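In the order they appear, the protein sequences are chains A and B.
FYI, the numbering for the first sequence is 2 to 114, going by our numbering.
FYI, the numbering for the second sequence is 21 to 133, going by our numbering.
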Amino acid sequence: GESVGLHLPTLSVQEGDNSIINCAYSNSASDYFIWYKQESGKGPQFIIDIRSNMDKRQGQRVTVLLNKTVKHLSLQIAATQPGDSAVYFCAENNGGATNKLIFGTGTLLAVQP
Amino acid sequence: KAGVTQTPRYLIKTRGQQVTLSCSPISGHRSVSWYQQTPGQGLQFLFEYFSETQRNKGNFPGRFSGRQFSNSRSEMNVSTLELGDSALYLCASSSYRAGETQYFGPGTRLLVL
Numbered sequence: 002g003e004s005v006g007l008h009l010p011t012l013s014v015q016e017g018d019n020s021i022i023n024c025a026y027s028n029s030a031s032d033y034f035i036w037y038k039q040e041s042g043k044g045p046q047f048i049i050d051i052r053s054n055m056d057k058r059q060g061q062r063v064t065v066l067l068n069k070t071v072k073h074l075s076l077q078i079a080a081t082q083p084g085d086s087a088v089y090f091c092a093e094n095n096g097g098a099t100n101k102l103i104f105g106t107g108t109l110l111a112v113q114p
Numbered sequence: 021k022a023g024v025t026q027t028p029r030y031l032i033k034t035r036g037q038q039v040t041l042s043c044s045p046i047s048g049h050r051s052v053s054w055y056q057q058t059p060g061q062g063l064q065f066l067f068e069y070f071s072e073t074q075r076n077k078g079n080f081p082g083r084f085s086g087r088q089f090s091n092s093r094s095e096m097n098v099s100t101l102e103l104g105d106s107a108l109y110l111c112a113s114s115s116y117r118a119g120e121t122q123y124f125g126p127g128t129r130l131l132v133l
């Protein structure tokens, strides 16, 4: 069935280091991918997205990489800060005429000062 | 622009009762989606409404229903509450096209006793 899974449930990094959060998806028909950040007690916050016709997209301190060959998505956070501590979710929209998102299980990013 | 708002933020109900949750999308957004978030199942798609019509539905029992009004505000209803319905219910809005960025509200935390 359709699924989006994360390899690492918890990632601990030192402040200032770069973080890489990975995600695997199974539906090759998916054409839109999004990364969300969720802090405790809050709803998911949009970070960055990428469409299937791209393999890389950069934002402010974040980069998303898409490898369609192996159905893999990653989020890179440069110079990780304590404020980046949160749960990160990848999500896929598998095309069609709806906005249904399939979410991964989430990765907890813990930034050590 | 104001973000997605959800009311109430917290709710306590007992088994067998019903509950109605409300979501006001970002101004100009016409698509509203609902998700259930639990520690065990993660984020799961409930349904999506666009122009007052249900455009897609997730794999939830018929006790879960929703509707959308002409001003794009949406409500979801859960009848005959069960303990397992305790969750964070999240609403997300996006513009009219499918596959567009969805922005989430803070959620309604429902506790069923």
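All C-beta atoms in this analysis are idealised placements derived from N, C-alpha and C, irrespective of residue type, glycine included.
Just so it is clear, the structure is predicted and the values come from calculations on it, not from any experiment.
Neighbouring residues, chain B, relative to residue i (Cβ below 8 Å)
{"i": "T106(A)", "result": "G62"}
Pairwise C-alpha distance: residue j and residue i
{"i": "R62(A)", "j": "I21(A)", "result": "12 Å"}
{"i": "Y33(A)", "j": "V65(A)", "result": "12 Å"}
{"i": "N19(A)", "j": "L41(B)", "result": "40 Å"}
{"i": "R29(B)", "j": "Y116(B)", "result": "26 Å"}
{"i": "R52(A)", "j": "L130(B)", "result": "34 Å"}
{"i": "P10(A)", "j": "V52(B)", "result": "29 Å"}
{"i": "Y89(A)", "j": "S41(A)", "result": "11 Å"}
{"i": "S114(B)", "j": "D56(A)", "result": "24 Å"}
{"i": "T138(B)", "j": "D105(B)", "result": "There is simply no residue 138(B) to check, as chain B begins at 21 and stops at 133 in what is shown."}
{"i": "G2(A)", "j": "Y26(A)", "result": "Annotation note: pLDDT 40 at G2(A) (below 50); position unreliable, no value reported."}
{"i": "G44(A)", "j": "P114(A)", "result": "25 Å"}
{"i": "L102(A)", "j": "E16(A)", "result": "31 Å"}
{"i": "A92(A)", "j": "R87(B)", "result": "24 Å"}
{"i": "K38(A)", "j": "T58(B)", "result": "16 Å"}
{"i": "T99(A)", "j": "T73(B)", "result": "12 Å"}
{"i": "H49(B)", "j": "Q46(A)", "result": "17 Å"}
{"i": "S71(B)", "j": "L31(B)", "result": "28 Å"}
{"i": "L76(A)", "j": "N23(A)", "result": "6 Å"}
{"i": "S85(B)", "j": "R75(B)", "result": "13 Å"}
{"i": "Q61(B)", "j": "G107(A)", "result": "11 Å"}
{"i": "F67(B)", "j": "N95(A)", "result": "15 Å"}
Cutoff 8 Å; reference residue i; Cβ partners in own chain excluding five residues on either side
{"i": "S29(A)", "result": "K69, K72"}
{"i": "Q38(B)", "result": "N97, V98, S99, T100, L101"}
{"i": "G127(B)", "result": "Q26, R29, Q57, L108, Y109, L110, C111"}
Cβ neighbours of residue i in the same chain (closer than 6 Å, five flanking residues each side left out)
{"i": "S44(B)", "result": "T25, R93"}
{"i": "I49(A)", "result": "W36, G60, V63, V65"}
{"i": "L103(B)", "result": "V132"}
{"i": "T81(A)", "result": "V14, D18, S20, V112"}
{"i": "Q122(B)", "result": "A112, S114"}
{"i": "P81(B)", "result": "none"}
Partner residues on chain B for residue i, Cβ-Cβ distance less than 7 Å
{"i": "T99(A)", "result": "E68, R75, N76, A118"}
{"i": "L102(A)", "result": "F65, Q122"}
{"i": "Y33(A)", "result": "G119"}
{"i": "D85(A)", "result": "Ordered by position in chain B, no residue passes the 7 Å Cβ test against D85(A), which lies about 18 Å from the chain."}
{"i": "D50(A)", "result": "T121"}
Contacts of residue i in chain A (Cβ-Cβ under 8 Å)
{"i": "G48(B)", "result": "Within 8 Å Cβ-Cβ: nothing; G48(B) doesn't reach chain A, min ~15 Å."}
{"i": "L110(B)", "result": "G44, P45"}
{"i": "S51(B)", "result": "N100"}
Listed by chain order, chain A residues near residue i by CB distance under 7 Å
{"i": "P126(B)", "result": "K43, G44"}
{"i": "S114(B)", "result": "N100"}
Beta-carbon proximity list for residue i, same chain, < 7 Å, skipping 5 on both sides
{"i": "F64(B)", "result": "Strictly speaking, residue 64(B) in this sequence is Gln, with Phe absent from that position. So the list reads Y55, Q56, G78, once near-sequence residues are dropped."}
{"i": "E120(B)", "result": "S114"}
{"i": "A79(A)", "result": "N19, R62"}
Item to complete: Determine, using beta-carbon pairs with one atom in the region 90-107 of chain B and one in the region 44-60 of chain B, whether at least three such pairs fall under 8 Å.
Response: yes
Discussion item. So within the region 26-69 of chain A, which uninterrupted beta strand (DSSP E) runs reach at least 3 residues, ignoring any that extend past its ends?
Written reply: 33-39, 46-52, 57-59, 63-68
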